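Engineer: Handing you this structure, nothing more for now.
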Amino acid sequence: MLNLLNEEQQQIAKDKLVQMIDDFLAQNKHIYVVLEPELNDEIKHIFMRLNADYSEPFLLFDTQFEQVGPRIAQLGINQKFDNWIIEKAFFERWTALFVTNETVQLDTFVQQIAYLCNAITFEHLPVIFRCYTPTILNEWLGALQQDKLSQSALGCCSEIIYAGDIPGNIGYSQFDQNSDLTIKIKNLLTNEESIKIPPNSPSSTSENEVHTHSTKWLITENQQASLQQARMKYVVHKIRQEILLTMEQPSLEEIIEIHKQIIHIINLCFQNRILDTFLMSVLVKLYFNNIENWNIHQNQITIILQQIDKPARERLEQIAELLE
């Protein structure tokens with residue numbers, strides 16, 4: 002969503018990212034990109050077109066992961082590939098950058114990511130999810146830190162960088178010498194930082210509730226909650242992207258305000274058991290297309306939404322009729 006910024010702001014953000022990458026490479030660190038495989042045809046063919054090396058998707062519980070698993074490559078080796086990551090993939094949230102020490106090679110890193118993806122619930126059901134994408138990674142890292150599992154999950158990494166919800170923002174996660182993880186939100190345009198998860202966060206799960214073994218663990222309640230939060234943020238991001246692309250050069254203030262309003266409506270959806278992504282999108286569009294009438298009929302809309310014994314689609318149809 003970098004294209005929502007003006008040209009000067011876009012260039013500043015890209016230059017700051019390039020500087021971060023150059024600084025890591027100057028310290029003889031390795032930077033790996035973990036790319037979504039199926040979101041865009043360009044991603045599917047990028048390695049062949051640019052002659053870049055990458056790892057094949059690793060198998061997890063079944064061959065299904067072969068279709069949804071990430072492609073992993075290294076920065077600092079193929080300049081054309083590096084340029085594509087910076088220009089196309091990073092700010093479109095198709096990838097996260099994982100920074101490791103010089104002793105870590107590609108196969109070691111791939112094994113570590115396989116460990117991160119390879120999870121089972123307390124009911125011993127396999128979970129295959131895109132924990133390496135920004136929306137999920139942002140929540141998952143926090144949950145791992147609270148459960149004191151961040152080091153076992155990503156012990157080979159010193160930093161993890163991914164695009165944030167607001168254009169120009171990045172998530173910046175860093176391990177210190179004591180293996181504690183600090184998660185920051187940094188604005189590339191202003192250099193402002195805020196800490197999301199401080200070091201030594203208290204664990205919300207007792208030690209005997211956490212089970213790890215080889216390449217899988219049992220997901221704790223805390224981690225399950227983080228994935229629910231990640232899904233909510235994914236829906237917010239997807240719907241916000243659709244709305245903003247219909248607007249001509251919205252200001253950053255307008256983007257933030259729209260983001261807050263979408264979060265409010267999506268929260269209403271989750272609270273009232275409207276969990277279908279399409280129906281969530283419909284309700285958000287009903288709101289934005291009828292803000293004045295929505296505010297007038299706020300109480301009636303709330304009553305309709307709370308009728309959870311009725312199908313979600315029927316409730317949305319009632320709200321649409323009311324707003325008309």
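Note that this note's numbering has the sequence shown beginning at 2, numbered continuously upward. Where is the CB? At the ideal position from N, CA and C, for every residue including glycine. Because the structure is a prediction, the values reported are computed rather than measured.
Where arginine 232 and asparagine 79 are concerned, what is the direct C-alpha to C-alpha distance, given to the nearest angstrom?
Structural biologist: For the purposes of this step, residue 232 is taken as the residue at position 231 of the sequence shown. For the purposes of this step, residue 79 is taken as the residue at position 78 of the sequence shown. Approximately 34 angstroms, taken between the alpha carbons.
Engineer: If contact is defined by three or more beta carbon pairs under 8 angstroms, each pair taking one atom from either stretch, is the segment 174-185 in contact with the segment 262-280?
Structural biologist: The segment 262-280 makes no contact with the segment 174-185: fewer than 3 CB pairs, one atom from each, lie closer than 8 angstroms.
Engineer: Is leucine 3 helix, strand or coil when you go by DSSP?
Structural biologist: Reading the sequence shown from its first residue, position 2 is the one you call residue 3. Under the three-state reduction of DSSP, leucine 3 is assigned to helix.
Engineer: Exposed or buried, proline 312, counting other C-beta atoms within 10 Å across all chains shown (16 or more means buried)?
Structural biologist: For the purposes of this step, residue 312 is taken as residue 311 along the sequence shown, with counting starting at 1. By the Cβ neighbour-count rule, proline 312 is exposed, with fewer than 16 other Cβ atoms within 10 Å of its own.
Engineer: Among Ile220, Glu222, Gly165, whose alpha-carbon lies nearest the alpha-carbon of glutamate 194?
Structural biologist: If you number the sequence shown from 1, residue 194 lands on position 193. Here the closest residue by C-alpha is Gly165.
Engineer: Anyone know if the C-beta pair for glutamine 301 and leucine 284 falls short of 8 angstroms?
Structural biologist: By one-based count along the sequence shown, residue 301 stands at place 300. By one-based count along the sequence shown, residue 284 stands at place 283. No. Outside cutoff.
Engineer: Mind reading off the beta-carbon distance from phenylalanine 110 to threonine 101? Whole number of angstroms is fine, and I expect it under 8 angstroms.
Structural biologist: Here the question's residue 110 lines up with position 109 in the sequence shown. Here the question's residue 101 lines up with position 100 in the sequence shown. The C-beta distance from phenylalanine 110 to threonine 101 rounds to 6 angstroms, short enough to meet the 8 angstroms contact threshold.
Engineer: Do you know offhand how far asparagine 188's Cα is from isoleucine 171's?
Structural biologist: For the purposes of this step, residue 188 is taken as residue 187 along the sequence shown, with counting starting at 1. For the purposes of this step, residue 171 is taken as residue 170 along the sequence shown, with counting starting at 1. Going by the C-alpha atoms only, they are around 6 angstroms apart.
Engineer: How about glutamine 12 and leucine 190: do their beta carbons lie closer than 8 angstroms?
Structural biologist: Numbered from 1 along the sequence shown, position 11 holds the residue referred to as residue 12. Numbered from 1 along the sequence shown, position 189 holds the residue referred to as residue 190. No, they are not a contact pair.
Engineer: Taking the alpha carbon of isoleucine 162 as the reference point, which residue from Trp95, Glu315, Ser56 has its own alpha carbon closest?
Structural biologist: Mapped onto the sequence shown, residue 162 falls at position 161. Answer by Cα proximity: Trp95.
Engineer: Look at leucine 280 and isoleucine 320 and say whether their C-beta atoms are less than 8 angstroms apart.
Structural biologist: Numbered from 1 along the sequence shown, position 279 holds the residue referred to as residue 280. Numbered from 1 along the sequence shown, position 319 holds the residue referred to as residue 320. No, the pair does not count as a contact, with Cβ atoms beyond the cut-off.
Engineer: Below 7 angstroms CB to CB, which residues in the same chain sit around leucine 306 once its five sequence neighbours on both sides are set aside?
Structural biologist: Sequence index remark: in the sequence shown, residue 306 carries index 305 (1-based). So the list reads Leu269, Asn273, Arg316, once near-sequence residues are dropped.
Engineer: In this structure, does DSSP put histidine 31 in helix, strand or coil?
Structural biologist: Locating residue 31 in the sequence shown gives position 30, where the first residue counts as 1. The answer is strand: DSSP assigns histidine 31 an E or B state.
Engineer: State the start and end residues of the unbroken alpha helix (DSSP H) segment that holds phenylalanine 92.
Structural biologist: The residue labelled residue 92 in the question sits at position 91 within the sequence shown. Where phenylalanine 92 is concerned, there is no enclosing alpha helix (DSSP H), given that its DSSP letter is neither H nor E.
Engineer: Return the CA-CA distance between threonine 303 and isoleucine 309, expressed in angstroms with no decimal places.
Structural biologist: Looking up residue 303 in the sequence shown gives position 302. Looking up residue 309 in the sequence shown gives position 308. Approximately 11 angstroms between the Cα atoms of the pair.
Engineer: CB-CB under 6 angstroms to glutamine 230, same chain, minus the five flanking residues each way: which ones, in chain order?
Structural biologist: By 1-based counting over the sequence shown, the position of residue 230 is 229. Glu140.
Engineer: Would you mind stating whether glutamine 75 and histidine 46 have Cβ atoms separated by less than 8 angstroms?
Structural biologist: Mapped onto the sequence shown, residue 75 falls at position 74. Mapped onto the sequence shown, residue 46 falls at position 45. No, Cβ-Cβ distance for glutamine 75 and histidine 46 is not below 8 angstroms.
Engineer: Starting from isoleucine 297, follow the alpha helix (DSSP H) in both directions and report where the run begins and ends.
Structural biologist: Locating residue 297 in the sequence shown gives position 296, counting from the first residue. Counting along the chain, the alpha helix (DSSP H) containing isoleucine 297 begins and ends at 292-297.
Engineer: With H, G and I counted as helix, E and B as strand and the rest as coil, what does DSSP make of lysine 187?
Structural biologist: In the sequence shown, counting from the first residue as 1, residue 187 sits at position 186. DSSP places lysine 187 in strand when its eight states are reduced to three.
Engineer: Mind reading off the beta-carbon distance from glycine 156 to isoleucine 184? Whole number of angstroms is fine, and I expect it under 8 angstroms.
Structural biologist: As a working note, residue 156 is residue 155 in the sequence shown. As a working note, residue 184 is residue 183 in the sequence shown. Between isoleucine 184 and glycine 156 the Cβ distance is about 16 angstroms, and since that is not below 8 angstroms, they are no contact.
Engineer: Let me confirm a value: glutamine 299 is counted as buried when at least 16 other C-beta atoms fall within 10 Å, else exposed. Which label applies?
Structural biologist: Mapped onto the sequence shown, residue 299 falls at position 298. The residue is exposed, with fewer than 16 neighbouring Cβ atoms inside 10 Å.
Engineer: Roughly how many angstroms separate the alpha carbons of phenylalanine 271 and asparagine 223, rounded to a whole number?
Structural biologist: As a working note, residue 271 is residue 270 in the sequence shown. As a working note, residue 223 is residue 222 in the sequence shown. For phenylalanine 271 and asparagine 223, the distance between alpha carbons rounds to 18 angstroms.
Engineer: Starting from cysteine 270 and walking both ways along the alpha helix (DSSP H), at which residues does that stretch end?
Structural biologist: The count along the sequence shown starts at 1 and reaches residue 270 at position 269. Counting along the chain, the alpha helix (DSSP H) containing cysteine 270 begins and ends at 253-272.
Engineer: For threonine 101, write down the residues that DSSP places opposite it in a beta bridge.
Structural biologist: Working through the sequence shown from its first residue, we reach residue 101 at position 100. His31, Cys158.
Engineer: Under a three-way DSSP split, which group does tyrosine 133 fall into?
Structural biologist: For the purposes of this step, residue 133 is taken as the residue at position 132 of the sequence shown. Of the three classes helix, strand and coil, the one that applies to tyrosine 133 here is coil, per DSSP.
Engineer: Just reading off the alpha helix (DSSP H) that tyrosine 173 is part of, what are its end residues?
Structural biologist: Within the sequence shown, numbered from 1, the residue matching residue 173 stands at position 172. Careful: tyrosine 173 lies outside any alpha helix (DSSP H), inside the beta strand (DSSP E) at 170-176.
Engineer: Relative to the alpha-carbon of proline 168, which residue among Ser153, Leu253, Ile73 has its alpha-carbon at the smallest distance?
Structural biologist: For the purposes of this step, residue 168 is identified with residue 167 of the sequence shown, where counting begins at 1. The candidate whose alpha carbon is nearest that of proline 168 is Leu253.
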